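Trainee:
Chains as they are written, first to last, in the UniProt record's numbering: chain W, 1 to 702; chain B, 1 to 702.
1. Alpha carbon to alpha carbon, how far is residue 120 of chain B from residue 694 of chain B? Give it in angstroms, no decimals.
2. With a threshold of 8 Å, are at least 3 pairs of Cβ atoms found where one atom belongs to the stretch 491-507 of chain B and the other to the stretch 531-549 of chain B?
3. To be precise: take each residue of the stretch 568-602 of chain W, compare its Cβ to all Cβ atoms of chain A, and keep it if any distance is under 7 Å. Which residues remain?
4. Residues of chain B with CB closer than 7 Å to the CB of residue 676 of chain W, please, in chain order.
5. According to the neighbour-count rule (16 or more other Cβ atoms, all chains shown, within 10 Å of its Cβ), is residue 589 of chain B buried or exposed?
6. Buried or exposed: which applies to residue 266 of chain W, given that a residue is buried once 16 or more other Cβ atoms fall within 10 Å of its Cβ?
7. Nearest by alpha-carbon distance to residue 501 of chain B: which of B:196, B:319 and B:230 is it?
8. With a cut-off of 8 Å on the beta carbons, I'd call residue 538 of chain B and residue 132 of chain B a contact; round off their distance for me.
9. Confirm, please, whether the CB-CB distance from residue 605 of chain B to residue 674 of chain B is below 8 Å.
10. Got a sec: is the Cβ-Cβ distance from residue 144 of chain B to anything in chain W below 8 Å?
11. Just mark residue 30 of chain B as buried or exposed, buried being the case when its beta carbon has 16 or more other beta carbons within 10 Å.
12. Can you find the residues in the same chain that come closer than 8 Å, C-beta to C-beta, to residue 360 of chain B, ignoring five residues on each side of it along the sequence?
13. Mind listing which residues of the stretch 287-301 of chain B have their C-beta closer than 9 Å to chain W's C-betas, in chain order?
14. Do the stretch 240-255 of chain W and the stretch 238-255 of chain B meet, that is, are 3 or more Cβ pairs less than 8 Å apart?
15. Which class does residue 303 of chain B belong to by DSSP, given the choice of helix, strand or coil?
16. My guess is that residue 75 of chain B and residue 260 of chain B are in contact by the Cβ rule of under 8 Å, so how many angstroms apart are they, rounded?
17. Please return the same chain residues whose Cβ sits closer than 8 Å to the Cβ of residue 632 of chain B, not counting the five positions on each side in sequence.
18. Is DSSP giving residue 655 of chain W helix, strand or coil here?
19. Is it the case that the Cβ atoms of residue 114 of chain B and residue 346 of chain B are separated by a distance below 8 Å?
20. Strictly below 8 Å CB to CB, what residues from chain W border residue 563 of chain B?
21. Taking the CB atoms as reference points, tell me whether residue 363 of chain B and residue 395 of chain B lie closer together than 8 Å.
22. Residue 643 of chain B and residue 650 of chain B: beta carbons closer than 8 Å?
23. Can you give the beta carbon distance from residue 434 of chain B to residue 334 of chain B, rounded, assuming they're within the 8 Å contact cut?
24. Give the residues of chain W in contact with residue 464 of chain B, contact being defined as C-beta atoms less than 7 Å apart.
25. Compute the Euclidean distance between the alpha carbons of residue 338 of chain B and residue 173 of chain B, then round it to the nearest angstrom.
26. Given that residue 480 of chain W touches chain B, what residues does it touch there, using C-beta distances under 9 Å?
27. Is the stretch 348-356 of chain W touching the stretch 101-117 of chain W, taking contact as three or more C-beta pairs under 8 Å?
28. Quickly, what does DSSP pair residue 509 of chain W with across the bridge? List them, please.
29. State the DSSP-derived secondary structure class of residue 607 of chain W, mapped to helix, strand or coil.
30. Between residue 648 of chain W and chain B, is the shortest Cβ-Cβ distance under 8 Å, so that the two count as touching?
31. Kindly indicate which three-state DSSP category residue 495 of chain B falls into: helix, strand or coil?
32. Could you tell me if residue 398 of chain W is buried or exposed, where buried requires 16 or more neighbouring beta carbons within 10 angstroms of its beta carbon?
33. Between the alpha carbons of residue 691 of chain B and residue 565 of chain B, how many angstroms are there, rounded?
34. Does the stretch 377-389 of chain B come close enough to the stretch 209-225 of chain B that 3 or more CB-CB pairs lie under 8 Å?
35. Measuring straight from C-alpha to C-alpha, what distance separates residue 103 of chain B and residue 316 of chain B?
36. Please classify residue 381 of chain B: is it buried, with 16 or more other beta-carbons within 10 angstroms of its beta-carbon, or exposed?
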């Protein structure tokens with residue numbers, strides 16, 4: 001009991017109760033003052049309730065409001081970006097329409113717009129930061145696996161990425177790029193910024209964990225707010241960026257994503273784009289009998305086709321990116337005049353898609369969204385065009401989007417095939433433009449068109465459907481094949497299967513769940529065996545540090561032990577060595593941290609000294625400087641130089657498989673190997689990567 | 001080159017090629033014989049292609065055919081079980097119908113059937129194995145976290161569980177139990193059996209990993225094949241059973257689940273139950289504007305309501321289970337006459353649900369599936385019953401299931417409320433029956449009825465929908481609230497959010513994705529804060545070993561280091577100790593393994609000796625027995641006693657948070673703590689659990 005209580009003997013019992021309540025927090029005489037306020041009892045009760053509510057709110061994980069904030073903010077940004085982009089493209093379309101029939105003017109109005117946007121996007125974003133090009137998912141994957149990429153998540157890149165991405169998107173289907181990748185990067189920037197803001201009173205290690213948790217949530221929110229698809233957004237981000245993850249992170253990702261997706265769609269309703277919150281690309285497939293059972297085989301076949309095409313695409317993408325980097329013209333352009341390179345590529349792409357030239361045969365007047373809307377159409381164009389041969393309308397007819405795909409001579413098959421052939425290399429070309437842009441949506445659309453042509457061919461072969469016994473006619477829905485194709489192709493390119501779920505979330509219908517899933521699995525089976533994913537391509541091309549996966553098939557990884565591949569050349573600092581020796585060691589090597597051992601002879605591991613923490617002590621005091629050979633390291637340590645404990649050590653008998661697991665699970669960069677307490681070596685990514693590479697191609701014994 | 005080749009000089013080069021091809025595999029003269037077969041070139045080429053295909057197939061992970069087999073087999077079992085169950089319940093319904101109007105006979109026919117089934121199920125399954133009662137998910141959760149529960153996955157329990165579960169299901173909605181839990185257990189048994197079958201030439205550690213991988217896939221398949229819902233099956237199993245998981249396992253689970261779900265639904269088509277593969281409980285909600293925007297708030301409110309009810313349910317369940325265990329009557333019955341206890345409970349439940357008594361007010365003639373079908377109805381019963389007051393039909397009318405819920409005096413609100421009130425305690429009572437049965441489906445149905453009554457009330461309050469500005473009337477769909485209620489309540493009870501996805505996969509419609517997700521999150525927010533999940537309840541009640549979660553809020557877990565909570569009383573064996581001392585140590589302690597140290601004085605850790613491997617050496621040779629005090633332990637080791645390497649050691653400075661992470665990620669049971677090579681203690685689940693408990697309730701300093 002606080003000492004002053006005894007001076008108020010008549011209030012004793014009550015005070016005791018009060019003090020008991022407050023003892024934990026302060027125990028100061030504030031409690032006394034409360035007694036003089038009005039209704040002390042009610043006040044206390046209300047305060048108690050508030051306290052309890054606060055405790056409850058904080059129990060969920062005290063950063064849940066950061067998650068809400070992250071979700072809502074990103075929904076807001078995503079919507080605003082879409083809004084601006086749609087206004088800009090409307091202006092472009094308006095200009096193109098109003099400019100009259102002069103072909104040169106029309107051509108100019110069609111091409112200058114994207115050229116200007118793309119080169120501005122490149123120039124602006126590259127002037128702020130060189131990291132801003134590309135999708136950013138490869139880098140995020142590396143960061144989430146524990147590597148520190150300096151400045152990559154710095155908030156100062158935010159503007160570059162947002163403005164650059166908006167310009168890239170505004171150039172529309174001419175350049176044919178998407179939003180997912182850079183937007184995920186933007187989300188992660190915000191999440192990292194929030195992580196820095198919420199630095200609490202904890203230690204460095206804990207803050208790191210908290211920041212990483214926020215980053216994982218950020219990655220999920222990014223994918224979720226672009227499509228307004230919370231479930232697949234979370235799963236996609238997990239599949240693309242992690243090899244292991246915690247259910248705890250998954251829940252937090254869901255929570256944040258739902259907030260983001262809700263905000264994103266809510267704003268669309270407020271903006272009168274939609275009447276209520278519904279799917280973005282609503283389909284109207286037949287629900288009763290969406291497909292005949294034998295069609296399952298065609299869906300699986302489509303999956304294999306998508307898998308093969310995705311291999312060709314990934315191979316082409318990697319090769320072309322290397323070519324652009326090595327060819328002396330493009331190399332020079334990309335080194336000095338990135339905007340010029342972008343402008344040239346945009347000019348080429350825009351000229352090809354000009355609607356009065358080749359663009360006529362690839363429905364180039366459709367925007368990215370309209371492409372998807374048209375391809376997911378529930379009617380069969382092949383059967384429709386048998387009965388009618390519509391004119392090419394002067395403007396895109398939103399109720400009959402398939403008119404864009406129809407050409408009297410080429411028919412819809414000609415245009416779809418031409419679209420596939422041209423977009424294949426145009427898409428690869430577009431990915432070399434050094435501006436912030438996503439590559440998921442174009443791949444999704446490309447897959448949808450593969451599925452569409454597949455479905456239309458089936459619809460022509462079986463005009464009355466694949467009959468079942470009872471004679472009921474269920475015509476084939478090419479739109480369903482487009483859905484399966486989109487999911488399968490994008491799934492194969494990114495090595496994920498949650499694209500199937502994305503397809504359902506985007507369209508709001510779940511009736512084709514099994515066929516689409518089977519197509520996605522088939523496509524993944526082909527592509528995962530033959531090519532690295534698109535994002536792994538990015539890691540390979542950018543030479544980012546990344547740990548290869550040890551697949552189940554590499555069984556000998558259990559037989560290789562740490563002593564075979566660890567690096568035995570490790571520099572240690574002994575407690576009993578003189579400062580002269582320490583200075584010599586530190587200046588002759590460049591390690592960021594040194595294992596501290598008991599004595600140079602015993603090499604018994606005691607802890608870890610970080611270079612940046614040791615240096616000030618070595619340079620600090622002139623008295624020490626003068627007589628360095630007399631001082632010992634343990635005296636410096638006693639003088640306040642911090643030493644970090646070693647939390648985990650391996651033994652030389654640990655298998656490669658276990659080491660790999662540890663590195664993946666604990667996101668480690670470097671670990672010490674000790675044998676009976678003696679430091680015998682260390683393992684870092686370099687050693688581990690080499691050991692894994694040796695597994696696949698065992699070094700030939702000489 | 002093989003020596004016999006030189007005798008065939010003219011065939012030299014060709015033979016060389018051939019031998020080169022086969023050298024790796026055998027190098028025996030089989031290659032010679034091939035030359036005399038027809039078309040040796042074509043043969044070779046075909047063989048080469050086959051070899052390459054085989055290699056490709058095996059690349060995916062050489063046990064993918066096990067995954068297919070697991071999926072297909074479980075789909076088959078699930079379908080067969082459903083088929084048998086539906087036949088048995090049809091027979092029951094037929095008997096009940098045909099028995100005439102004599103009330104006593106009708107009552108008997110209604111009650112005897114479930115009593116017989118339930119008591120047979122209890123007796124049969126308990127006679128084979130005492131583990132067979134309950135859902136099995138709690139045990140699977142413990143097993144997947146790395147604990148070995150002897151015999152729990154033994155294939156000999158398979159029959160007990162399958163037959164017991166089939167009987168439990170056949171007793172229908174009277175007993176009101178489901179299938180998910182025991183079926184997951186059955187799947188895991190099969191997976192464990194397959195894992196034992198596929199033991200490869202690898203070491204023990206590798207086989208363990210492979211078996212665990214199959215087990216994870218088995219858990220996913222179990223949930224997926226019950227509902228034919230592959231996506232949510234995988235996610236549900238992950239959320240319920242793991243705290244961390246690998247994307248690699250998730251892909252394998254998906255693959256196996258899709259095979260299983262496909263098989264399950266395919267058989268339904270072949271059996272003419274469905275025309276093609278579609279959802280189980282197809283809904284027909286309005287697609288254009290499924291809900292008005294303000295309804296989102298009601299959905300969230302419903303989520304909170306479900307969360308609160310789920311807390312009450314979980315609390316009641318735990319308390320009642322303890323009561324049954326302590327009360328002397330039930331205690332005695334459960335100890336000696338389990339079938340009698342089951343029969344008594346079944347008699348009570350069946351008497352209440354007898355349709356001509358209280359069952360009339362709780363639609364008890366509906367089967368489990370029809371309950372869901374009726375609750376997800378897209379019409380509003382409250383509005384329907386205003387215009388017409390239907391008679392209670394003599395039999396269930398499959399086209400107007402809501403007639404079962406309608407009562408002229410009580411109206412549908414009365415019956416729904418009565419259903420909720422009665423089923424609350426009936427469900428808790430049913431969970432105490434010691435037979436194999438799942439508790440997910442009943443909870444799902446219960447949640448659907450909470451949602452239904454909520455939706456019907458809203459439909460009455462806003463008969464013309466919540467009007468938007470433009471005057472379009474969108475009536476409220478109570479079925480959508482039933483969907484949200486089912487997902488939210490079952491999600492809260494199991495602490496998962498993938499139940500939302502399950503709701504969509506079951507109904508085939510995705511239009512309510514955001515409101516349902518928000519309801520599920522709200523329900524989880526309430527329940528996760530107040531009560532352990534249903535399966536955690538099981539762990540608590542059965543006193544299974546389980547590691548509590550360290551939530552983000554327990555921040556001081558970073559400040560508690562291993563030396564504060566490790567167990568320093570560790571018995572080591574020193575290399576230089578005499579066999580007399582070793583025998584004394586081994587007989588006086590009961591540890592399964594002992595750390596081996598260099599000498600009793602230095603205590604430097606060298607490796608680990610397992611008790612069961614050491615004992616034979618101590619008991620073996622009489623010469624050693626006679627002169628035990630002369631022999632030293634290191635001589636026994638040199639004589640062949642195996643010693644295992646220590647792969648991982650902690651230091652006394654490792655924080656509780658890190659230790660917990662390691663235990664969770666690596667599924668460890670025990671880890672040694674060393675300081676400068678010396679063994680200073682160990683940490684096992686016991687110490688960790690105590691340390692975590694102390695975090696929540698810090699021990700008061702004396």
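Yeah, the Cβ is synthetic: ideal placement off N, Cα and C, and Gly gets one too. None of these values were measured; they are calculated from a predicted model.
Mentor: Reading it off the structure:
1. Working through the second chain from its first residue, we reach residue 694 of chain B at position 694. Working through the second chain from its first residue, we reach residue 120 of chain B at position 120. Residue 694 of chain B and residue 120 of chain B: Cα-Cα distance of roughly 46 Å.
2. yes
3. In the displayed structure, chain A is absent; the protein chains listed are W and B.
4. As a first step, residue 676 of chain W must be located in the first chain, where it is residue number 676. Within 7 Å Cβ-Cβ: 598, 604, 605, 606 and 677.
5. Numbered from 1 along the second chain, position 589 holds the residue referred to as residue 589 of chain B. The residue is exposed, with fewer than 16 neighbouring Cβ atoms inside 10 Å.
6. Reading the first chain from its first residue, position 266 is the one you call residue 266 of chain W. Classification for residue 266 of chain W: buried.
7. Counting from one through the second chain, the residue named residue 501 of chain B turns up at place 501. That would be B:230, whose Cα lies nearest to the Cα of residue 501 of chain B.
8. For the purposes of this step, residue 538 of chain B is identified with residue 538 of the second chain, where counting begins at 1. For the purposes of this step, residue 132 of chain B is identified with residue 132 of the second chain, where counting begins at 1. With a Cβ gap of about 14 Å, residue 538 of chain B and residue 132 of chain B do not count as contacting.
9. Within the second chain, residue 674 of chain B is the residue found at index 674, counting from 1. Within the second chain, residue 605 of chain B is the residue found at index 605, counting from 1. Taking 8 Å as the Cβ cut-off, residue 674 of chain B and residue 605 of chain B qualify as a contacting pair.
10. What you label residue 144 of chain B is simply residue 144 of the second chain in a count that begins at 1. By this cut-off, residue 144 of chain B is not an interface position.
11. Within the second chain, the letter at position 30 stands for residue 30 of chain B. Bear in mind that the predicted position of residue 30 of chain B carries a pLDDT of just 47, short of 50, making it too unreliable to give a figure here.
12. Looking up residue 360 of chain B in the second chain gives position 360. If we look at residue 360 of chain B and ignore the five residues flanking it on each side, its Cβ neighbours are 392 and 407.
13. 287, 288, 289, 290, 291, 292, 293, 295 and 296
14. yes
15. The sequence position of residue 303 of chain B within the second chain is 303, counting from 1. Three-state DSSP puts residue 303 of chain B in a helix.
16. Translated into positions along the second chain, residue 75 of chain B becomes position 75. Translated into positions along the second chain, residue 260 of chain B becomes position 260. Right, the Cβ-Cβ distance comes to about 4 Å (below 8 Å), so this counts as a contact.
17. Here the question's residue 632 of chain B lines up with position 632 in the second chain. Closer than 8 Å at the Cβ level, and outside the excluded window around residue 632 of chain B, lie 575, 576, 577, 578 and 579.
18. Along the first chain, one-based indexing puts residue 655 of chain W at 655. Three-state result, residue 655 of chain W: strand.
19. Counted from its first residue, the second chain places residue 114 of chain B at position 114. Counted from its first residue, the second chain places residue 346 of chain B at position 346. A contact, by the Cβ cut-off of 8 Å.
20. For this step, residue 563 of chain B is matched to residue 563 along the second chain. In chain order: nothing, as chain W lies at least about 10 Å away.
21. Numbered from its first residue, the second chain carries residue 363 of chain B at position 363. Numbered from its first residue, the second chain carries residue 395 of chain B at position 395. Not in contact: residue 363 of chain B and residue 395 of chain B (Cβ atoms no closer than 8 Å).
22. Residue numbering aside, residue 643 of chain B sits at position 643 when the second chain is read from its first letter. Residue numbering aside, residue 650 of chain B sits at position 650 when the second chain is read from its first letter. Going by C-beta atoms, residue 643 of chain B is not nearer than 8 Å to residue 650 of chain B.
23. Translated into the one-based positions of the second chain, residue 434 of chain B becomes position 434. Translated into the one-based positions of the second chain, residue 334 of chain B becomes position 334. Residue 434 of chain B to residue 334 of chain B, Cβ: 7 Å. Contact.
24. Position 464 of the second chain, counting from 1, holds the residue named residue 464 of chain B. The premise fails here: residue 464 of chain B is roughly 16 Å from chain W at the closest Cβ pair, so nothing lies under 7 Å.
25. Along the second chain, read from residue 1 onward, the residue named residue 338 of chain B stands at position 338. Along the second chain, read from residue 1 onward, the residue named residue 173 of chain B stands at position 173. Answer to the nearest angstrom: the Cα atoms are 21 Å apart.
26. Taking the first chain and counting its residues from 1, one reaches residue 480 of chain W at position 480. Under the 9 Å cutoff, chain B gives no residues; its nearest Cβ is about 12 Å from residue 480 of chain W.
27. yes
28. For the purposes of this step, residue 509 of chain W is taken as the residue at position 509 of the first chain. Beta-bridge pairing links residue 509 of chain W to B:509.
29. Position 607 of the first chain, counted from the start, is the residue given in the question as residue 607 of chain W. In this structure, residue 607 of chain W counts as strand in the three-state DSSP scheme.
30. Working through the first chain from its first residue, we reach residue 648 of chain W at position 648. True, the Cβ-Cβ gap to chain B drops below 8 Å.
31. Here residue 495 of chain B corresponds to residue number 495 of the second chain, with the count starting at 1. Note: residue 495 of chain B maps to coil in three-state DSSP.
32. For the purposes of this step, residue 398 of chain W is taken as residue 398 along the first chain, with counting starting at 1. It counts as exposed.
33. By 1-based counting over the second chain, the position of residue 691 of chain B is 691. By 1-based counting over the second chain, the position of residue 565 of chain B is 565. C-alpha separation (whole angstroms): 6 Å.
34. no
35. As a first step, residue 103 of chain B must be located in the second chain, where it is residue number 103. As a first step, residue 316 of chain B must be located in the second chain, where it is residue number 316. Between residue 103 of chain B and residue 316 of chain B, the C-alpha separation is close to 35 Å.
36. Numbered from 1 along the second chain, position 381 holds the residue referred to as residue 381 of chain B. Burial call: buried.
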